[in-house]
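Engineer: Residue numbers for the sequence shown follow the working numbering, beginning at 357 and rising by one.
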Amino acid sequence: MNQYHAAVAIGNATRAASVTTLPCKWLDFHPAGRLNLPLTQTNEVARRISQGVSMSDTTDTVGVAGDRIRSIIERIERLDEEIKDLMETKKEIFGEAKGEGLDVKVLKEILKLRKQDKDERDEQETLLDLYLRAMDAPTPTPVAQAA
357 MNQYHAAVAI GNATRAASVT TLPCKWLDFH PAGRLNLPLT QTNEVARRIS QGVSMSDTTD
417 TVGVAGDRIR SIIERIERLD EEIKDLMETK KEIFGEAKGE GLDVKVLKEI LKLRKQDKDE
477 RDEQETLLDL YLRAMDAPTP TPVAQAA
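(1) Could you spell out where the alpha helix (DSSP H) holding T482 opens and where it closes?
(2) Let me know the secondary structure DSSP gives L458 once reduced to three states.
(3) Would you mind giving the Cβ-Cβ distance between A453 and L467, rounded to the nearest angstrom? I have them listed as a contact below 8 Å.
(4) Let me confirm a value: I405 is counted as buried when at least 16 other C-beta atoms fall within 10 Å, else exposed. Which label applies?
(5) Tell me the DSSP secondary structure of V499 in three-state form.
(6) Look at the alpha carbon of A490 and the alpha carbon of E448, and state the distance between them as a whole number of angstroms.
(7) Measure the Cβ-Cβ separation of R477 and L486 and say whether it is below 7 Å.
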């Protein structure tokens with residue numbers, strides 16, 4: 357077993373702690389090892405932590421990645437909020453159409469068809485027509501064979 361001095365993050369607080377592990381690559385289990393940093397930066401963070409330097413002292417190395425991660429997450433959260441608002445608006449429009457006596461299922465089908473390109477739509481309509489005519493065609497009756 358190996359014992360390393362590492363920084364343990366709890367919430368926003370960073371605290372130094374001793375970590376005992378079985379022989380293995382400790383970076384696989386340490387937050388610094390999970391950052392998507394170039395190997396040289398990850399090794400530098402690992403070296404500093406193993407020397408007893410707290411995570412807050414490694415901010416120059418890890419802070420950039422942390423800021424980038426936070427930026428990406430916040431952008432995605434803003435988009436999720438916009439999508440939620442747009443979906444609510446779309447629901448209101450369908451409600452308005454229903455209130456005017458329009459069939460919402462038909463409107464959704466029209467929207468689906470308009471998303472397809474012309475060739476794809478023509479092919480689908482041709483197949484639909486072919487299948488409907490095949491269903492309407494009389495089924496041939498088997499001819500009885502003389503025994």
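Even for Gly, the Cβ is constructed at its ideal location relative to N, Cα and C.
Structural biologist: Let me lay it out:
(1) 474-492
(2) coil
(3) That pair is no contact at about 11 Å.
(4) buried
(5) coil
(6) 41 Å
(7) no
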